[in-house]
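Data block below; observations after.
Numbering (the working numbering), first residue to last: 5 to 205.
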């Protein structure tokens, strides 16, 4: 009998092939045909899983987000139960930065997706929705940390959330080697120290 193909697994294989194309050649070269070649599939076979480039990009971005969430979950599981909110925020922030191969692949995919979103309304809506959802998670953590006394009550949770998310801007500086990983992590830690005051994790 012919081997049954796991469609989800095949889509993930295609998504990883897309990541590799984007990392080596940039998003402009991430065509269905080029990604099919990278994945070892025929153009027609790839179209069986993704009818359009937008569908392929959207799945690849969603898959990248899932992988980031899994890495965050694994790292948090290694901490205390429950983990200190400072540690949670630090892990969430540092896993978005290109500090190791998996995070770097996801980061570059994310950058490519944002560029695509500037010129495609469908991609723009999905990208914006994902970012808004991520921002909501961070603000919820900040508000809870204030309520629990970990962060001073006079801090504005919306402003503090925006400042935390601004730290993800280190991605570009790291990719272009303007700052070192050590410098980026030091800045993240300094900001978290200021947000949580003298409290230790």
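All C-beta atoms in this analysis are idealised placements derived from N, C-alpha and C, irrespective of residue type, glycine included. Note that the structure is predicted; figures quoted are calculated from it, not measured.
| Asked | Found |
| --- | --- |
| Residue 12 (DSSP reduced to helix, strand or coil) | helix |
| For residue 43 and residue 25, the rounded distance between their alpha carbons | 10 Å |
| Continuous alpha helix (DSSP H) assignments of at least 4 residues falling wholly in the segment 24-55 | 36-43 and 47-53 |
| Rounded straight-line distance, which links the Cα of residue 66 to that of residue 97 | 18 Å |
| Cβ-based burial, residue 20 [other Cβ within 10 Å; buried from 16] | buried |
| Meets three-Cβ-pair contact criterion under 8 Å: the segment 153-166 and the segment 66-82 | no |
| Where residue 80 falls: helix, strand or coil (DSSP) | helix |
| Helix, strand or coil at residue 181 according to DSSP, with G and I counted as helix | coil |
| For residue 80 and residue 92, the rounded distance between their alpha carbons | 7 Å |
| CA-to-CA distance, residue 136 to residue 36, given in whole angstroms | 29 Å |
| With 16 other Cβ atoms within 10 Å as the buried cut-off, status of residue 6 | The pLDDT assigned to residue 6 is 45, lower than 50, so where the model puts this residue is not dependable; a value taken from the coordinates is nonetheless given after this. Burial call: exposed. |
| Terminal residues of the alpha helix (DSSP H) in which residue 89 lies | 89-98 |
| Endpoints, the alpha helix (DSSP H) within which residue 150 is located | 125-151 |
| Of the listed residues 39, 174 and 49, nearest to residue 111 (C-alpha basis) | 174 |
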